[in-house]
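This report concerns only the one structure given below.
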Amino acid sequence: MAPGTTTRTTRSRPLKTVRLIFGALVILALVIFLLSNRAPVAVSFFPFGTLGSAVLGAIVLIAFGLGMLLGMLIHVPHRLRAQRRAKRAERQLAALRAQPPAPQAPADETISLPPAV
Numbered sequence: 708m709a710p711g712t713t714t715r716t717t718r719s720r721p722l723k724t725v726r727l728i729f730g731a732l733v734i735l736a737l738v739i740f741l742l743s744n745r746a747p748v749a750v751s752f753f754p755f756g757t758l759g760s761a762v763l764g765a766i767v768l769i770a771f772g773l774g775m776l777l778g779m780l781i782h783v784p785h786r787l788r789a790q791r792r793a794k795r796a797e798r799q800l801a802a803l804r805a806q807p808p809a810p811q812a813p814a815d816e817t818i819s820l821p822p823a824v
């Protein structure tokens, strides 16, 4: 490995830590919200009117889960496409590295150009 380059593992370790801390804080906030809002509320949807009642914290938790699911469904195709492109590029790079180097002119021979007219 060339000096100054880093592997994917060492580069992404701080990012993984930040994501883990952020995720834990979001889950903690959701749990606190769920425990703080245990009173039932009426659930209504415009064309259907009142659908019933449910605990507010549970409604927010379900909405959060559905939002996460929708976000993942949108993100996954892009992620898979990027992985396929990266693998294709790695295969092309391996094929180029496997090819013998192009022959070069010997260094002691000089190439002369014809005189300009």
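Residue numbers (my numbering): 708 to 824.
Note that beta-carbon positions come from the ideal geometry of N, C-alpha and C, so glycine has one too.
It should be emphasised that the depicted structure is a prediction, and the values quoted were computed from it without experimental measurement.
Quiz prompt | Neighbourhood of LEU763 by C-beta distance below 6 Å, restricted to the same chain and skipping five residues each side | solution = ASN744 and VAL748
Quiz item: Taking only runs of the beta strand (DSSP E) that begin and end inside the segment 730 to 779, which ones reach a length of at least 3 residues, in chain order?
Solution: 747 to 752 and 756 to 762
Quiz item: Are the beta-carbon atoms of LEU732 and PHE771 separated by less than 8 Å?
Solution: Contact flag unset, no.
Practice problem: Just the C-alpha distance for ARG798 and GLN806, rounded to the nearest angstrom, thanks. | Solution: 13 Å
Practice problem: Compare the C-alpha of ALA761 against each of GLN811, ARG795 and ILE769 and name the closest. | Solution: ILE769
Quiz item: Who are the near neighbours of LEU735 in its chain, counting only those whose CB is closer than 6 Å to its CB and skipping five residues on each side?
Solution: none
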